[in-house]
Amino acid sequence: DEFIEIAKKALQDLLKETEENLKNTISEKIENFSFELPDTTYGLPLIYALEGIKINNLIELKRFFERIKESFTQSTDAITLSLNYLYLSEIALSLNYINTESIDKSSEFKFYGFLGDTIQRTLGVQLVDGRIPAVAVLLGRLDSDKLLSIIKELQEKRILTFLIGAVAEEFLKSGQRHGFEAYIVPVGTKTEHTVFVIDWAVRASLIFGGQTAGDKDAIIEYVRKRINAFAISFGSLNEKAVAMALGAAVLAIPVITDQSLPDVSIPEIAEYPLLTAEKDYSKIVRKAIETRGLKIVVEKPSIPVSYGPAFEGERVRKEDTFIEFGGQKTPAFEWVRMMDVAEVEDEKVEIIGTDWRNRYEQGGRMPLGIIVKVAGKKMQKDFEPVIERQIHTFINEAEGLWHIGQRDINWIRISKKAKQAGISLEHLGLIIMSMTKARFKSIVDRVEVLLYVDEKDILTLREEARQEYRRRDLRLARLTDEEVDKFYSCLLCQSFAPKHVCVITPERPGLCGAFTWLDAKAAYEIEPTGGNQPVEKGELIDPIYGRYSGVDEYVKKHSGGQIQTINLYSIMENPMTSCGCFECIVAVTPEANGVLIVNRGYSGMTPIGMKFSTIAGMIGGGVQTPGFMGVGVNYITSRKFLKGDGGIRRIVWMPKELKERIKESFQKVAEQEGVPELFQKIADETVCEDIECLIDYLTKVGHPALEMEPII
Ligand code: SF4
Ligand code: NI
Ligand code: NI
């Protein structure tokens, strides 16, 4: 058919171009010149995932190139052709990378280029919990106004969008906020750059899915089923774009075009039409979502600015601020209180204070006490802090509104732009009221928000709030695994890692850092059929290793029989599995008779001779890997940290940034455990990055791990 002929032509051209490029590169460098794309442990990820061949030098690259060339002269089937085009694009981009060490020097703008492993792991939780319901690719050329309004629409729908081609440049020119936090990532200017997004899609199967590289059919199936992606192409489609669309179709990524073309389907490749036409720009996003078969529901307060996680990370700088509250400059606090139904007037927002309208209109600074009264049949006192913590997100998701801190150290800013757009003080209350109702609808029946703006009221109420914060902290500190009658599971990551089960206990939070036991409990009440389920503890089989009969039963059932038993407090014997979005990795360091911990985001070397990305590539996918384990940051300072293996005394090395982050709580635990000097004895990268030096250091400072029973 015609499309296949066009794709063939594109492949042929790219073959010729790449051959030339390859020859030149080899003559300039040396034949076995080795290279790595930035921040990945998967070679050229697409070729590695589908073919099982990890390419890290020019000889291997050439060998694979010859294979494609040969297959081109022989094979005619559409899938092979499509995949070969994608492989070849990946090779072409790698050569480009080797030659320029950057993505596109011809442009004055900085594009993101290759998308590394770290950011993909960081976004893991957002992808599974629906904060990012889909991934979009925009290609081609479109004028700025239309482009920006389409991007706004995608951002409001929380869709992570990659820009390729003229649209990427156009967007950067507009000077708008970009990056993963803004849900909008300009990747590069060539059609081939689409492969970087495809790399992302297939790599998910390795990072989260526990798939084996080279298991082509299983990986294609995984991507088709679990990665919700679509592409929208603007302007006329050239041969390259057609070839790319064929390749995308193999992975169930439909392409919507603004050109008048008949819808094209190639049933042997995809159940979706390969190309779907939609000329109306106000409908094109909806068309794409429909074609991919997605349902995206957006909850948004009625306010005069944009709303959604894409606007969460934006800063409001001092010079752009119209008015601010708190931040140690004026007294402020925020407090969620559970009340009787009769005490809460539903959907009411009230501002209490003298002459508040005028004071707001003047801008500058104001004191602010936020009280959120909630009532509901299924509401519990324990959920107050869970809801209260969301105030941060609720406010930040509004464009031009900014929030940091919590409790009595909160700090809120409203930008001049947001004020111009019509944001008032009532809107602040309205955001909190309507989002609390929307996101917590099954535990909260009534919500009332009171905003106090007179200093005298705030000081009195803040004292009351502080007493309540203290009571909460005390209760939290008393929550232990033994004390509670149930644990909770988290199965959210099963949408990517089908065999992985997180068991969340008061003393062991989820490994992504997003769920404490209280969060999981609240999530279960909010959505009883959701990703968090109660786990009956059953019988305590081993208090040191943390083995419970109920946990074993649960994990066995929900891992599809893969995992028979887990120890909640051990890395060496039947440890908990990992998905892919862990905050830290604990890795046994046999020479030091202990463990090291490395956080995602630390890109340097560790004393076991591997970087975070390398170790991360060895674990995950819901498999038990004794000696290696993904954990949340907060687990490190739990009294149950590796209790079965000897506890925190085993920690011999951590990156400095991680040490600083946990310092205070670590010190407390270390004192309770009778090792108050432990913190200073733990090495970091400023002390050493290799094992000999580490051992010297540990010996010099008399680290307790050296005296303990052998860890292996
Ligand atoms: Fe995934 Fe575990 Fe976090 Fe749940 S708690 S989102 S399963 S890592
Ligand atoms: Ni914001
Ligand atoms: Ni995960």
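Residue 309 in this note's numbering sits at position 320 of the sequence shown, and the numbers go up by one each step. For glycine and all other residues, C-beta sits at the position ideal for the given N, C-alpha and C.
Look at the beta carbons and you see the region 605 to 624 touching the region 560 to 580: at least three pairs across the two are nearer than 8 Å. Restricting attention to Ile380, Leu226, Ser194, Ile671, the CA atom closest to the CA of leucine 240 is found in Ser194. Residue state for valine 375 is assigned as helix, using DSSP reduced to three classes.
Glycine 636 and tyrosine 591 have their alpha carbons spaced roughly 23 Å apart.
In terms of Cβ geometry, isoleucine 140 and valine 176 do not form a close pair [threshold 7 Å]. Short note on phenylalanine 504: C-beta closer than 6 Å to some heavy atom of ligand 1.
Residue range 414 to 428 is occupied by the alpha helix (DSSP H) that includes histidine 416, with no beta strand (DSSP E) assigned at that position. Set against 6 Å, the gap from the CB of leucine 481 to the closest heavy atom of ligand 1 is smaller. With a cut-off of 6 Å, the C-beta of glycine 616 is classified as distant from ligand 1, since no heavy atom of the ligand falls inside that distance. The beta-carbon distance between alanine -1 and glutamate 228, rounded to whole angstroms, is 4 Å. This is short enough to meet the 8 Å contact definition.
Runs of the beta strand (DSSP E) lying entirely within the region 553 to 600, each at least 3 residues long, are 573 to 578, 583 to 588 in chain order. Ligand 1 never approaches valine 492 closely enough for any of its heavy atoms to be under 6 Å from the residue's Cβ. Rounded to whole angstroms, the separation of the alpha carbons of lysine 652 and glutamine 456 is 26 Å. For the pair of segments examined, the region 463 to 473 was found not to touch the region 382 to 400: the number of CB pairs separated by less than 8 Å stays below three. With a cutoff of 6 Å, leucine 39 does not count as near ligand 1, since its C-beta is closer than that to no heavy atom of the ligand.
Going by C-alpha positions, methionine 328 is about 12 Å away from lysine 367. Contact between the region 435 to 455 and the region 416 to 423 is present: three or more C-beta pairs spanning the two stretches fall below 8 Å. Here DSSP, grouped into helix, strand and coil, assigns cysteine 482 to helix. Bounds of the alpha helix (DSSP H) holding valine 117 are 113 to 118. Cysteine 482 and tyrosine 211 have their C-alpha atoms roughly 14 Å apart. Scanning its chain for C-beta atoms nearer than 8 Å, with the 5 sequence neighbours on each side dropped, one finds around isoleucine 285 the residues Pro122, Ala123, Lys146, Arg147, Ile148, Ile278, in chain order.
Taking 4 residues as the minimum length, the alpha helix (DSSP H) runs contained wholly in the region 595 to 662 are 601 to 607, 622 to 625, 645 to 661, in order along the chain. In the DSSP assignment, phenylalanine 300 is bridged to no other residue. The Cβ atoms of glutamate 313 and arginine 402 sit closer than 7 Å to each other.
Relative to the Cα of tyrosine 74, the nearest Cα in the group Asn88, Asn85, Phe54 belongs to Phe54. In the displayed model, glutamine 165 falls within coil according to three-state DSSP, outside both helix and strand. Linking isoleucine 700 to serine 559 through their CA atoms gives a straight-line distance of about 11 Å. Counting along the chain, the unbroken alpha helix (DSSP H) around lysine 545 starts and ends at 538 to 547. Using a Cβ distance threshold of 7 Å, tyrosine 76 and isoleucine 48 do not count as a contacting pair. For the options Arg639, Met355, Ala364, Phe300, the alpha carbon positioned closest to that of valine 325 is the one of Ala364. Counting of Cβ neighbours within 10 angstroms places valine 287 among the exposed residues, the total staying below 16. Across the set Gly102, Arg215, Glu159, the C-alpha of Gly102 shows the shortest separation from the C-alpha of glutamate 181. In this structure, DSSP gives aspartate -10 a state outside helix and strand, which the three-state scheme calls coil.
Glutamate 40 sits in a helix when the DSSP states are folded into three classes. Within the same chain, Cys573, Val575, Met643 come within 6 Å of isoleucine 586 by CB-CB distance, once the 5 residues on both sides are set aside. Of the residues assessed, threonine 518 falls on the exposed side of the cut-off, its CB having fewer than 16 other CB atoms within 10 angstroms.
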